[in-house]
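Enquirer:
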Amino acid sequence: MYKTGLTAPQGVWWKPVHKSEKIWFTISFVWCLILFAMMPLWHLRGGQNPTGIRARVEPSAYLARVTQFIGDYGTGEFESGIPVVAPPPGAEVYLLASQYQWMPVLKLQQGAEYTLHLSSLDVNHGFNLYPFNVNFQVVPGYDYGLRVTPTEAGDYRIVCNEFCGVGHHLMVGKVLVEPAGAASTDTSSESAPGGDR
Amino acid sequence: MSAPTSASAALAGLFRTCPTTGLKVHKDADALIKANAVAATVALLIGGIAAILVLLTRWQTVHLLSDEQFYRWLTIHGMNMLIFFIIFFEMAILYFASAVLLNCRVPAPKVGWVAFGLMVFGALMVEWTMFTGRADVLFTSYVPLRAHPLFYLGVILFAVGAILVTVIFFATLVVAKREETYTGSVPLVTFGGITAAIIAAITLGHGAAIYIPTFFWSMGMMNVDPQVYRLVWWGLGHSSQQINVAAMVAIWYLLGALTVGAVVVNEKISRTAFVLYITFISMASAHHLLVDPGFGPSWKIVNTSYFMYMAVLASMLHGFTVPAGVEMGMRLRGHTSGLFGWLRRAPWNDPGFSSLVLSVVVFGFVGGITGVTFGTEQINMVAHNTLRIPGHFHATVVSGTAMAFMGVTYYVIPLIFRKKVAFYSLARIQPYIFAGGMLIFSLSMTFAGTFGVPRRHYDITFAGAPFSLEYSPAVNLMMAITALGGLIAAAGGGIYILVTVWSVFFGKPLGDDHSEAALAGHVPPGLYKKPFLELPTEETELEEHGVLGMMPGTMILVMIFMVAFVVYYFANWKLLSAMWQIG
Numbered sequence: 001m002y003k004t005g006l007t008a009p010q011g012v013w014w015k016p017v018h019k020s021e022k023i024w025f026t027i028s029f030v031w032c033l034i035l036f037a038m039m040p041l042w043h044l045r046g047g048q049n050p051t052g053i054r055a056r057v058e059p060s061a062y063l064a065r066v067t068q069f070i071g072d073y074g075t076g077e078f079e080s081g082i083p084v085v086a087p088p089p090g091a092e093v094y095l096l097a098s099q100y101q102w103m104p105v106l107k108l109q110q111g112a113e114y115t116l117h118l119s120s121l122d123v124n125h126g127f128n129l130y131p132f133n134v135n136f137q138v139v140p141g142y143d144y145g146l147r148v149t150p151t152e153a154g155d156y157r158i159v160c161n162e163f164c165g166v167g168h169h170l171m172v173g174k175v176l177v178e179p180a181g182a183a184s185t186d187t188s189s190e191s192a193p194g195g196d197r
Numbered sequence: 198m199s200a201p202t203s204a205s206a207a208l209a210g211l212f213r214t215c216p217t218t219g220l221k222v223h224k225d226a227d228a229l230i231k232a233n234a235v236a237a238t239v240a241l242l243i244g245g246i247a248a249i250l251v252l253l254t255r256w257q258t259v260h261l262l263s264d265e266q267f268y269r270w271l272t273i274h275g276m277n278m279l280i281f282f283i284i285f286f287e288m289a290i291l292y293f294a295s296a297v298l299l300n301c302r303v304p305a306p307k308v309g310w311v312a313f314g315l316m317v318f319g320a321l322m323v324e325w326t327m328f329t330g331r332a333d334v335l336f337t338s339y340v341p342l343r344a345h346p347l348f349y350l351g352v353i354l355f356a357v358g359a360i361l362v363t364v365i366f367f368a369t370l371v372v373a374k375r376e377e378t379y380t381g382s383v384p385l386v387t388f389g390g391i392t393a394a395i396i397a398a399i400t401l402g403h404g405a406a407i408y409i410p411t412f413f414w415s416m417g418m419m420n421v422d423p424q425v426y427r428l429v430w431w432g433l434g435h436s437s438q439q440i441n442v443a444a445m446v447a448i449w450y451l452l453g454a455l456t457v458g459a460v461v462v463n464e465k466i467s468r469t470a471f472v473l474y475i476t477f478i479s480m481a482s483a484h485h486l487l488v489d490p491g492f493g494p495s496w497k498i499v500n501t502s503y504f505m506y507m508a509v510l511a512s513m514l515h516g517f518t519v520p521a522g523v524e525m526g527m528r529l530r531g532h533t534s535g536l537f538g539w540l541r542r543a544p545w546n547d548p549g550f551s552s553l554v555l556s557v558v559v560f561g562f563v564g565g566i567t568g569v570t571f572g573t574e575q576i577n578m579v580a581h582n583t584l585r586i587p588g589h590f591h592a593t594v595v596s597g598t599a600m601a602f603m604g605v606t607y608y609v610i611p612l613i614f615r616k617k618v619a620f621y622s623l624a625r626i627q628p629y630i631f632a633g634g635m636l637i638f639s640l641s642m643t644f645a646g647t648f649g650v651p652r653r654h655y656d657i658t659f660a661g662a663p664f665s666l667e668y669s670p671a672v673n674l675m676m677a678i679t680a681l682g683g684l685i686a687a688a689g690g691g692i693y694i695l696v697t698v699w700s701v702f703f704g705k706p707l708g709d710d711h712s713e714a715a716l717a718g719h720v721p722p723g724l725y726k727k728p729f730l731e732l733p734t735e736e737t738e739l740e741e742h743g744v745l746g747m748m749p750g751t752m753i754l755v756m757i758f759m760v761a762f763v764v765y766y767f768a769n770w771k772l773l774s775a776m777w778q779i780g
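In order, the protein sequence lines correspond to chains A and B. All residue numbers for the first sequence refer to the working numbering, where the first residue is 1 and numbers rise by one. All residue numbers for the second sequence refer to the working numbering, where the first residue is 198 and numbers rise by one.
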């Protein structure tokens, strides 16, 4: 007997499934397996994965690393009062998020790989790279070290996209990527092949 | 052998013997459903006003509020919509799916009132902290952003009240079984309610596990790790939206039955799909943690995929069986012409039916497809915290869940409140206005998000920021369209509130004459045509209808869905592959 979802089924309702439902079930199931397989597959073959190096770090210890990083590779220039740092290819790059600033300004080279560390001094922040739309969560107490290779030169912005307080919308940082092969800046990048990754 | 079984008899009986129907609907269930529904509507009104203010601020041309006010109203919007409106309404659904559908009394009604009192008291506490600027932490209140301790305590009290209601729900099931108020197995709609209640128990447990430590943290008595907070909080934040999914699907079956007498094509498939929700859907909390530093790729992949997308499978099954049930119900009544004759002949002017269709279509095509795509570990890198995320979840929670809740309200008003639906002609067009507006809103917001436009952001012109940034002109256009769509939807929401409040408090009683002549134009047609009682009793052999059974139209529709899904999913991988190399 036909019944609606309001009616209590009597007796055994574990009955054979009609062909049409079997067809849809099979299609759905196979699709779910494809959805699932795509993620490990991209880890093997794809160029964009949010894996990174992940570790706990005290905010004060992270601040010390950022200070060290600015001391090591700082260009001596400032933009909007924020120091500009030009790390050599392969360097560990430390970016600090705090209410309401990204520190420092980064100068990177196209095609070179860096390990970009993200952490926060105070609350959660969000790393969003403009105009490329790439996003990471920046959590205080955690160091997220992502191996990044800027594949295109340009003048990028870092927008905070996790609410971090009333000045959240003022939190914009900057990354400059200089074209491969262009006269590199004055930093000591003698050991940098970089361009052919 | 075809005597209507207890549940439908109860429903019909309730309707026929109104208004003195103490026998059929326990008066406590009646009163508790009313109280929770009214509280839900109040929360919807507050959240809706907040929505308009937020909307008019993000529309840069208007930019209504100050920065501080913007974040405050955004907090108010999130809490009222995603917690208070939704959960109060779900409490009403739990009483309905247990006591009413099983024709049973509510055990311990006083506990029900204590629970309601706790929830109202907790909600008022939270409202006070938000409105007085003591909790400008947004809906997620990520530690170490700090709110007033009463903000956290209010949420805890609210959650305790909600847990009590789920306990009463399970107790009602036991009592109904013991007192034999129904025979056989519980109806499918109740089964969906059980699913929602179990997920609610899991969810509210997470809520307690995170808000209690955070409450003590806010008073300086202990530490809460920000990453652990995000992990456990999303066990509440995301899972609470999965209560919605289960409740919404239960309502899909309910509305299908009430409006066109939709049949359950196969109990086994539908119930198995609900069980898949229980076992796997809560894992989706990982969707929010895919670009977090605290978790490795294996954890992310297993969890974000609900263990191989088993909960997605469940939704795809419901997405087939609900329209298939409608199609079969229509065909059994003789609407057999062509592939889509059943759709042409469907009661499109029944707000219950139009809500059902709009809820299924927008939830599936927009909310579902974007949700699975953005919840992919790597693709999340081009979606996380951009406007693509609110674009997605407004299509699920608002166009899906809220739309279904609104649709069922047009039946609850006469069935439970025993009133005619006020301004019925407005009610008839309300689903189209609301869903249409939300569709424009969700699509344009999602599109703006592909440019990287952040969510929860006061000023995307970045005036006063140390570095200038100007989004493509397309973004400004999209934000204006988002505002337009949002305002249309808000008008639809306003009509809903007007109709329900007016019906409940000033509406005309239903009266004793339940004939079509007396009721047409005052209540949805499903109530006087009673398609849920007029099912063919003769089993026609499904196999006679070939491979596609009695649902060839539905097969075509789900195939269109499948193509849209595949195209959108792989287009996003393509988008991702153009990015910097990251690993």
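Using N, Cα and C, we set each Cβ at its ideal position, and we do this for glycine too.
Roughly how many angstroms lie between the CA atoms of residue 775 of chain B and residue 143 of chain A, to the nearest whole one?
Expert: Their Cα atoms are separated by approximately 26 Å.
Enquirer: DSSP state of residue 65 of chain A, grouped into three classes?
Expert: Here residue 65 of chain A sits in helix by DSSP.
Enquirer: Have a look at residue 525 of chain B and residue 647 of chain B and give me their C-alpha separation to the nearest angstrom.
Expert: In this structure, the straight-line span from the alpha carbon of residue 525 of chain B to that of residue 647 of chain B is close to 40 Å.
Enquirer: Going by beta-carbon coordinates alone, are residue 366 of chain B and residue 394 of chain B separated by less than 8 Å?
Expert: Taking C-beta atoms as the reference points, residue 366 of chain B and residue 394 of chain B count as a pair closer than 8 Å.
Enquirer: Can the beta-carbon of residue 127 of chain A be found closer than 8 Å to that of residue 118 of chain A?
Expert: Yes, these two residues count as a Cβ contact at 8 Å.
Enquirer: For residue 38 of chain A, count neighbouring Cβ atoms within 10 angstroms of its own Cβ and tell me buried if that reaches 16, exposed if not.
Expert: buried
Enquirer: Closer than 9 Å by beta-carbon distance: list the chain A residues that pair up with residue 620 of chain B, in chain order.
Expert: Residues of chain A passing the Cβ test: none, with the nearest at roughly 28 Å.
Enquirer: I'd like the ranges of any alpha helix (DSSP H) spanning at least 4 consecutive residues and lying wholly in the region 683-721 of chain B.
Expert: 713-716
Enquirer: Tell me whether the region 584-602 of chain B and the region 556-564 of chain B touch, counting them as touching only if at least three CB pairs, one residue from each stretch, are closer than 8 Å.
Expert: yes
Enquirer: Give the list of continuous beta strand (DSSP E) stretches no shorter than 3 residues that lie fully inside the region 98-129 of chain A.
Expert: 101-103, 105-109 and 114-120
Enquirer: Taking 6 Å as the limit between beta carbons, can you name the residues of its chain near residue 358 of chain B, skipping five residues before and five after?
Expert: Result list for residue 358 of chain B: 312, 315 and 316, in chain order.
Enquirer: Against chain B, does residue 46 of chain A count as a neighbour if the rule is that its beta carbon must be under 8 Å from one of theirs?
Expert: yes
Enquirer: Alpha carbon to alpha carbon, how far is residue 684 of chain B from residue 638 of chain B?
Expert: 9 Å
Enquirer: So with Cβ pairs under 8 Å, would you call residue 809 of chain B a contact of chain A?
Expert: In the structure displayed, chain B extends from 198 to 780; residue 809 of chain B sits before or after that span and is not available.
Enquirer: Given this structure, state the Cα-to-Cα distance separating residue 261 of chain B from residue 249 of chain B, to the nearest angstrom.
Expert: The alpha-carbon atoms of residue 261 of chain B and residue 249 of chain B are separated by roughly 10 Å.
Enquirer: Could you spell out where the beta strand (DSSP E) holding residue 2 of chain A opens and where it closes?
Expert: It is not in any beta strand (DSSP E) - residue 2 of chain A carries neither H nor E in the DSSP assignment.
Enquirer: The alpha helix (DSSP H) with residue 226 of chain B in it runs from where to where?
Expert: 224-255
Enquirer: Which residues of chain A have a Cβ atom closer than 9 Å to the Cβ of residue 726 of chain B, listed in chain order?
Expert: Here the premise fails: no neighbours, minimum Cβ distance about 14 Å.
Enquirer: Report yes if the C-beta distance between residue 750 of chain B and residue 510 of chain B is below 8 Å; otherwise report no.
Expert: no
Enquirer: What is the rounded straight-line gap between the Cα of residue 332 of chain B and the Cα of residue 288 of chain B?
Expert: Rounded to whole angstroms, residue 332 of chain B and residue 288 of chain B show a C-alpha spacing of 26 Å.
Enquirer: Is DSSP giving residue 40 of chain A helix, strand or coil here?
Expert: helix
Enquirer: Identify, in the order they occur along the chain, each residue of the same chain with its Cβ nearer than 7 Å to the Cβ of residue 587 of chain B, setting aside the five sequence neighbours on each side.
Expert: 642 and 652
Enquirer: Relative to the alpha-carbon of residue 265 of chain B, which residue among B:519, B:258, B:254 and B:259 has its alpha-carbon at the smallest distance?
Expert: B:254
Enquirer: As an exercise, report each continuous alpha helix (DSSP H) stretch of at least 4 residues that is fully enclosed by the region 278-347 of chain B, in chain order.
Expert: 283-292 and 306-328
Enquirer: Assign residue 280 of chain B to one of two classes, buried (16 or more other C-beta atoms within 10 Å of its C-beta) or exposed (fewer than that).
Expert: buried
Enquirer: Since residue 814 of chain B meets chain A, which of its residues come closer than 9 Å, beta carbon to beta carbon?
Expert: The structure shown does not extend to residue 814 of chain B, since chain B is modelled only from 198 to 780, so the question has no answer here.
Enquirer: So who's on the other strand from residue 143 of chain A, going by DSSP bridges?
Expert: A:55
Enquirer: With a cut-off of 8 Å, does the C-beta of residue 92 of chain A fall near any C-beta of chain B?
Expert: no
Enquirer: Quick one: what does DSSP say residue 82 of chain A is sitting in, helix, strand or coil?
Expert: Here residue 82 of chain A sits in strand by DSSP.
Enquirer: Any idea what DSSP makes of residue 158 of chain A, helix, strand or coil?
Expert: Correct three-state label for residue 158 of chain A: strand.
Enquirer: Going along chain A in order, which residues have a C-beta closer than 9 Å to the C-beta of residue 386 of chain B?
Expert: 4, 5 and 6
Enquirer: If we cut at 8 Å on Cβ distances, does residue 69 of chain A have a partner in chain B?
Expert: no
Enquirer: Assuming residue 570 of chain B contacts residue 10 of chain A (C-beta within less than 8 Å), just tell me the rounded distance between them.
Expert: No, residue 570 of chain B and residue 10 of chain A are not in contact; Cβ-Cβ is about 42 Å, not under 8 Å.
Enquirer: Considering only the alpha carbon of each residue, which of B:667, B:661 and B:496 lies closest to residue 428 of chain B?
Expert: The shortest Cα separation from residue 428 of chain B among B:667, B:661 and B:496 belongs to B:496.
Enquirer: Between the Cα of residue 80 of chain A and those of B:748, B:662 and B:617, spot the shortest distance and give me the residue it belongs to.
Expert: B:662
Enquirer: Going by DSSP in three states, residue 392 of chain B sits in which element: helix, strand or coil?
Expert: helix
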